[in-house]
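K.L.:
Numbering (my numbering), first residue to last: 4 to 428. Got a structure for you, questions after.
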């Protein structure tokens with residue numbers, strides 16, 4: 004018995020090690036890591052708030068813009084702050100009006116920081132739920148998605164931009180889609196758009212998912228919910244001056260400043276501002292949306308023709324697969340990021356939490372996935388942006404995009420091969 008004791012101890016020790024490795028690597032056992040990182044992030048945010056200096060960029064301008072509404076101005080042509088005119092929809096006005104009153108007209112910035120720290124934790128909850136439902140990404144990757152990004156913490160609790168508000172609402176809407184609560188999801192999605200219209204980058208994928216899940220009549224109802232909330236939130240401004248509200252809050256032709264661009268630093272400012280260049284980017288974006296619609300997003304359901312036939316005819320009332328939902332939405336947004344006229348530093352939050360899922364949806368090696376995540380993080384932390392950081396960001400986006408396309412083709416080939424094998428047997 005004594006001779007077996009060392010063997011037993013060795014086995015016990017190694018079995019515990021195997022279990023620990025499984026907790027770190029197995030997507031099926033992600034809850035422990037999620038709980039750990041959720042509470043760890045509370046301390047990280049508090050530490051950042053109290054130890055790193057707040058930087059004023061847009062907060063005062065936000066307060067000035069909503070103060071105009073509080074004082075009775077509803078004409079968007081007359082609402083402005085130090086950084087320029089108000090260019091966000093009605094939801095933005097109501098949310099930051101709430102913060103205006105909560106923070107004593109914007110003076111209590113520390114309280115505002117804690118509100119955004121709370122938003123950060125809400126974002127994590129929603130993102131963790133998405134990753135739990137899809138079970139694709141290993142738990143150790145959550146470290147890179149949480150504690151490792153200074154830029155993301157900065158955007159939330161040191162800059163107080165409106166981007167985190169919009170993206171938090173978007174992830175909440177995805178959670179409701181994953182539990183097949185589409186009306187609630189559309190309401191929250193529309194609320195996200197009313198904070199900042201970058202959320203429309205997810206719209207092509209969302210529309211495809213609606214058509215995959217419902218008949219056309221039901222899709223129209225869901226779209227009506229989205230439109231209805233936009234009208235409701237914008238009503239005071241639409242009544243006063245509808246043209247001003249629509250032009251200012253949903254202005255797609257707005258020019259960006261070259262000095263803030265993260266992704267096009269290697270171009271001259273003349274090309275960056277050229278409308279023909281913008282048209283070319285739009286054409287490329289639309290082309291890839293069409294390509295993904297006919298391949299990635301609908302192929303496993305029989306393609307666009309089968310999709311439309313079932314949408315206008317008989318529809319099987321079966322919820323969509325979680326990975327179909329998430330990959331469609333996240334890749335739709337990625338296309339918008341790849342062909343954006345300009346990306347500013349706060350825009351990183353638009354797709355940061357989607358990147359691990361997208362990379363683990365490819366056939367790239369784990370080392371290369373982590374390397375590219377690191378390169379992207381480095382690009383967004385390079386200030387001011389350089390020719391090389393912009394090129395590296397585009398290269399990373401391009402590799403991810405091509406890898407997603409190749410991975411989907413391989414999945415299709417594997418399905419065809421399995422079908423042929425089954426028929427042969």
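All residues carry an ideal CB built from backbone N, CA and C; glycine is no exception.
Work out the CA separation of residue 297 and residue 83 for me, nearest whole Å.
P.N.:
43 angstroms
K.L.:
With H, G and I counted as helix, E and B as strand and the rest as coil, what does DSSP make of residue 141?
P.N.:
Three-state result, residue 141: coil.
K.L.:
Between which two residues does the alpha helix (DSSP H) harbouring residue 94 extend?
P.N.:
Counting along the chain, the alpha helix (DSSP H) containing residue 94 begins and ends at 93-105.
K.L.:
CA-CA distance, residue 237 and residue 248?
P.N.:
8 angstroms
K.L.:
Please list, in chain order, all residues of the same chain as residue 264 whose beta carbon is under 8 angstroms from its beta carbon, the five residues on each side excluded.
P.N.:
275, 345, 346, 347, 388, 393
K.L.:
Residue 164: buried (16+ other C-beta within 10 angstroms of its C-beta) or exposed?
P.N.:
Counting Cβ neighbours within 10 Å, residue 164 comes out buried, since at least 16 surround it.
K.L.:
Taking the straight line between their C-alpha atoms, what separation do you get for residue 207 and residue 335?
P.N.:
6 angstroms
K.L.:
Under 7 angstroms: does the beta carbon of residue 239 sit that close to some heavy atom of the ligand GTP?
P.N.:
Only the bare structure without any ligand can be found here, which leaves the ligand GTP out of the picture.
K.L.:
Who are the Cβ neighbours of residue 68 in its own chain at under 7 angstroms, not counting the five residues just before and after it?
P.N.:
82, 83, 84, 89
K.L.:
Across which residues does DSSP place residue 208 in a beta bridge pair?
P.N.:
Residue 208 pairs with nothing; no bridge assigned.
K.L.:
Inspect the beta-carbon positions of residue 243 and residue 78 and report whether they are closer than 8 angstroms.
P.N.:
yes
K.L.:
Return helix, strand or coil for residue 29, following the three-state DSSP convention.
P.N.:
coil
K.L.:
Would residue 205 be called buried (16 or more neighbouring beta carbons within 10 Å of its own) or exposed?
P.N.:
buried
K.L.:
With the cut-off set at 8 angstroms, would you say residue 355 and residue 375 are in Cβ contact?
P.N.:
no
K.L.:
What are the start and end residues of the alpha helix (DSSP H) that includes residue 55?
P.N.:
Here residue 55 belongs to no alpha helix (DSSP H), and DSSP marks it neither H nor E.
K.L.:
Which residue's Cα is closest to the Cα of residue 381: 143, 153, 340, 186?
P.N.:
153
K.L.:
Just to confirm, are residue 179 and residue 171 a CB contact at a threshold of 8 angstroms?
P.N.:
Taking C-beta atoms as the reference points, residue 179 and residue 171 fail to come closer than 8 angstroms.
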